[in-house]
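Chains as they are written, first to last, in the numbering used here: chain A, 715 to 1088; chain B, 715 to 1088; chain C, 715 to 1088.
Glycine included, C-beta positions come from ideal geometry on N, C-alpha and C.
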C-alpha cells in the first residue's frame, strides 16, 4: 500500500497495507451423517489491515487488524455450529529505539518464546506456522513491555519481556494475578537476523544460520483444584530452535529449520473434576518438535517444502498422554514475491491413541491458498 | 476520500472512503405496553470504511468494513432486547482481469443471484434494496471464486461462481459440506452495464436497458429431519430481472425495474419438529417479486420513486404459506450526487394471514436518511 | 498521522491517526483465593484509529474506531472471567457548518450533558475522566442530531440535541420508544472555548474561564414495574460545571475544574423485584460532584494533578443509598505534548456502607499510562 509522510519536516511516515490469505480447504472427513464424508470450505485464514508508521529515527508504530469469520475447520475436527466472527486489533505496538542494542516495545505484540511464532505470518516456509506451538492462556500476541537489542555486530540478539499472560481475573477463577516473563536469545552467523520478527524464508536473498533459545515463566497461573481454590500451579516453558537458509549458485536455495518446545503446568491437568480446563488440551501442558525444510528453484519462483511435527499432549479431548504425528508438504509459487503467492499444502494428522470425546481417525487436509499483500 | 499512489512507477493506487447512511425511523407500532404505540429510532443503516486499490491494469482490490449496532427495528417487528453490534470485513476481494471477457474475483464479495443484491448499496433507486430477496444460509456476500466477463461489445455479460454457501459444519448440523454454484447472464442494449456491480439508478447519465437471469444451486444443504439426520434437501434458486433507465431531454429521467425470485429448499420446512429452522422464515423457502419505478426531474436533483413487492413465505413466524404485500414511495434529493443525499421513504408492510408467534397487524414505517460518501 | 487531500480543487482533506493509551495497573486487592491479594494488569484503556476529514469550509467528518479487550479491572472490582473484546465505530459524525452560530452534527457522537464527558479523551487533566459521570442507558456517545453554535464573539455557546437515548425496544422491555433531548450552554470569558469538544487542559497555551450547565430529558424511559409493565418513569438529568486555566508568567499554569451532576429516574430502583436493573447501579439514579486541579511547571513539561469525587448511588451492588468517596493524584509528563505522554495516577476508592453483593473494602489503584497519538 501507499506510504504517506507527515510532520513539519516529513519526519513521520505511515504505510497502509491489506494482507489477505484466502484458502480453499478440502478435508477427507468431518461431514456427512457419520462425519466420515469430506468437507469443503472457502475462507480467509488471515484478513488484515496494517498501519506501519515511524516518526524520526527512534519511534515507530505497528497497528494491525484481523478479521476471522466462522473458522469451522479446526486443527482436529469440523465444528458443529458456526464459530462466529471477530474483528480485533491484533497488533498495536509502539516501538522506541535508543540504539541497536537497546529497544523497547510497548503494547500488544508477539511474546518472546518460540521462533516459529515470531516468524512473520505472511512469510512462513510452509503453508502456515505450527498449529500446536502456542503458549497457554494467551494467543500469538500478548500485551506488555519488551526490551531487546542486537550486540556484537548483530551476531547476538537478546529479548526480555513482561507481559499480561493469563488475563487478570479474580480469585474465583485463578489463584493470582501475575505478569508473565520471557527471555530469549539467539546467535546468528552469516547475514544478520536483527529484526524483532523472523521470517520462515528469505527467498534466497540472505545466507542465514541462527540458533536460539527461550524461557517463559508465570507464577501461580492456575489452581490445581478450582473447586477448593487450592494447589497453585506455575507455568514454565522453554524452547530451542535452529534455522538455516543458504542460496547455492545455479542450484537453488535450501532452507531447514527445527525446534523443540516444552509447556509445563506442573501436571495441573491431573486435578480431576476440579482441574482448570485450560491447563490441558491443544494449548495446555505439552511438548513437541517440528522440523521443516524447503528448496527453491534457481530460475523459477517455485519453492517446495515439507514439515514434520510430533507433539505429546498431557490430555487432548479426553485422552491422557495423547501423541499427534503431523506431516505435510507442498509448494509456494511466488507470482510477485510474498505480495502475490499461491501455496498448496497436503497434510496428515495422526492420533496415537483412540478413545476420548472426539474422533481419533487419522485424516488428510488439502489447502490451496492465495496470498495478497497490497 | 483521497487516492494515494505507490509502487516504483506509481502503478499502485489506493483510495480510502467513508460511507454512512444515517436514518431516523418512525414506525406506527412496536412499542408501548401493548406494542401498539409508535417507535422512534436513530441509527446507521450502513457505516463503512472502504479501501479501493489497483496495481497495474490487471489487479485490483476492494476491502470494506461494516459496523452495525443494535438494529432493533427489524423488517417485521421491534426487538425485545438490544441486538448487539458487529464490526466486520464485509468485502475483501482480489480481482484479476485477464481481459474484458475473462475476469476472476477471489475472496468475500456479492454472489451472483439477484440483480437487486448486486446493485451498489449506496446507489439504489428507492431507500434500500428489497428486504426479502436474500438467499438462505448466507448474507448479501459469500466467500469463494467467481469468473465473469463481457462479450459482444459489452452487450452480453456472464458470471459463474463457486462459493461457500452454507458454512462447513459437521454432520451434527448439516448433511454435507458442499460449495454453492451460481450462473448469471444479462443482455444489455443501449449503454453498457459492464461492471460487476449494478446500480439502481444512473441519475440520467446513461441510457440502459438490461434483462438478466440467474440460477443458484447447493446440493444437500439441510436435513429434512435434523433429529434423525435423514432426508437430505438441496437448495435451488432462480431469478429473472429487468432494468430500464432513460433520460428524456427536458422532461427528466425515468427508471423502471422488476424481478422475480424463487428460493426452493424442497419443502424442508414441512419436516415438523425436526425441520431445520433456517429452511423457513424470511430467508428460507419463498418466492416473490418487486417492481420499482423512478422519475428524476430535469433541472432539480430530485428523484421520486415507488416500489411494490409481493412475497410468499413457506413459513413465517409460525404461519404457513404467509404472503407479504409491501409498498413504498418517497424521494431522493441529491445534494452532491450520491456523495451527499437525503432520502425519505414511507412504506407499508401487510400480512395476508393472521396467527403465528408474532403480530400480523399491517404497519407503516417512515424513514429519513442522510447518506454521506466521503 | 498523514493528512491527504483530494477533490478537483483539493477541497477535501482526510487525516488518519492512531491513538493509544497503554496502561499498567496495580490494585491492592481483587486477586488471590480471598480476593485480598494485589492485581497486576497490562491493557489498553483506549486503542483507536481516527479519520478526520473536511470537504470545503462547511462540511467535515469524524470517524473513529475503538478496540477494548478484556477490561477485567472495573471501577469497583476485578471480574471473575474475561470480559471479552469489542471493536466498534465509536464516533461517526457528519458535521455541517452554516456559520459559527449555527452548526449541525448528524450521526454518532458525544451527547450534551456533562463538560467532563465532552472533554477530549486524550486531553484530560487527570489520568481519565470521572468513572461515575455517565448517563443511563447509553455510553459516552449516542446517535442523533445536534444543533449548536457560538454567539457574542464566542463568549456564549448553545447546544441542543435529539438523540436515541435508550435504544428502541419493544414494550416487553421498555414502556415507550422516545428520543432523548439535551440542552447545554456555557459562558466563557478570556480566550474562547468554541469547539464541540472541550479539553481538560490547554497546557498553558490559553487563558480560559468557562461556566456551563445542561439539562437532559427522556420521557417514559423505564417501567417502574417490569413484571406488570406499569408505572412509566421519566429520565431527567442536570449538571453545572466550571473550568479555569491560567498560565502565570514564570510560575506555571494552574487549572481548576468542578461539576455537579444529578441523574434522576423517579426512584424506579425502589420497584422491588420488578425494578428495571438499569435504573440503579453505577449508571442509574445518582448524584455527585468532582473537583480537580492541576499545576504545570513553567520550564518542564510536567503537570501535577489531584482529583476528588463524591457520589451517592441510589443502589450499588445491593446496597441502597451507597456513597463513594474517590480521590486521586499524579502527574502527566509531556514528552511530545499530548502526542507522547507518560501519566501516573494513584487513586483511592472508598465505600460509605458495607453489605451488598460485592466487597466494600476501600482499595487503592496505581496506574502508569503511556499515551501515543500518531
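- Straight across, the Cα-Cα distance linking residue 1055(C) with residue 838(C) is about 12 Å.
- Close CB contacts of residue 939(B) within its chain, under the 7 Å cut and outside five residues either way in sequence, are with 945, 985, 988 (chain order).
- Across the structure, residue 818(B) and residue 910(B) are spaced so that their CA atoms are roughly 11 Å apart.
- Taking a Cβ-Cβ cut-off of 7 Å, the neighbours of residue 820(C) in chain B comprise 736, 1084, given in sequence order.
- Its chain contains 1031, 1032 as the residues whose beta carbon lies nearer than 8 Å to that of residue 1071(A), once the 5 sequence neighbours on both sides are disregarded; these appear in chain order.
- Residue 878(C) sits in coil when the DSSP states are folded into three classes, being neither helix nor strand.
- Taking 8 Å as the threshold, the shortest C-beta distance from residue 1088(B) to chain A does not fall below it.
- Looking only at 921(C), 934(C), 1004(C), the smallest Cα-Cα distance to residue 954(C) is reached by 1004(C).
- Following the DSSP letters along the chain, one finds residue 832(C) inside the alpha helix (DSSP H) bounded by residues 829-832.
- Within chain B, the residues placing a beta-carbon under 8 Å from that of residue 755(A) are 878, 881, 882, 891, ordered along the chain.
- Per DSSP, residue 797(B) lies in no beta strand (DSSP E) segment and is marked neither H nor E.
- At a cut-off of 8 Å between beta carbons, residue 748(C) contacts chain A.
- If you keep only unbroken beta strand (DSSP E) runs of at least 3 residues inside the region 731-776 of chain C, you get 751-769.
- Taking a C-beta distance under 8 Å as the contact criterion, residue 886(B) and residue 794(A) qualify as a contact pair.
- The three-state secondary structure of residue 927(C), taken from DSSP, is strand.
- For residue 913(B), there is no enclosing beta strand (DSSP E), as DSSP marks it with neither H nor E.
- Judged by DSSP secondary structure, residue 853(C) falls outside any beta strand (DSSP E); it is assigned neither H nor E.
- Contact between the region 823-838 of chain C and the region 908-925 of chain C is present, with at least three C-beta pairs closer than 8 Å.
- Setting aside the 5 residues that flank it on each side, residue 972(B) is surrounded in the same chain by 956, 1005, each with a C-beta closer than 6 Å to its C-beta; the list follows chain order.
- The Cβ atoms of residue 757(B) and residue 729(B) lie no closer than 8 Å to each other.
- Per the coordinates, the alpha-carbon of residue 903(C) lies some 6 Å from the alpha-carbon of residue 869(C).
- For residue 961(C), the uninterrupted beta strand (DSSP E) run begins and ends at 944-962, by DSSP.
- For residue 717(B), the enclosing beta strand (DSSP E) covers residues 717-720.
- Contact residues of the region 992-1019 of chain C toward chain A are absent (C-beta to C-beta distance below 8 Å).
- For residue 1085(C), the enclosing beta strand (DSSP E) begins and ends at 1077-1087.
- Using a Cβ distance threshold of 8 Å, residue 842(B) and residue 822(B) do not count as a contacting pair.
- Within the same chain, 1006, 1019, 1021 come within 6 Å of residue 840(C) by CB-CB distance, once the 5 residues on both sides are set aside.
- Taking the C-beta atoms as reference points, residue 898(B) is found no nearer than 8 Å to residue 835(B).
- Identification of chain A residues near residue 886(B) by a Cβ-Cβ cut-off of 7 Å yields 794, ordered along the chain.
- Around residue 718(C), the beta-carbon contacts reaching into chain A at under 7 Å are 718.
- Residue 850(A) and residue 999(A) have their C-alpha atoms roughly 8 Å apart.
- Residue 933(C) sits in a strand when the DSSP states are folded into three classes.
- Put simply, the CB of residue 786(B) is near chain C, with a gap under 8 Å to one of its CB atoms.
- Uninterrupted beta strand (DSSP E) stretches at least 3 residues long and entirely within the region 1017-1072 of chain B occur at 1033-1052, 1054-1065, given in chain order.
- In this chain, the beta strand (DSSP E) harbouring residue 904(A) covers 894-904.
- When DSSP reads this structure, residue 778(B) sits in a beta bridge with 764(B), 805(B).
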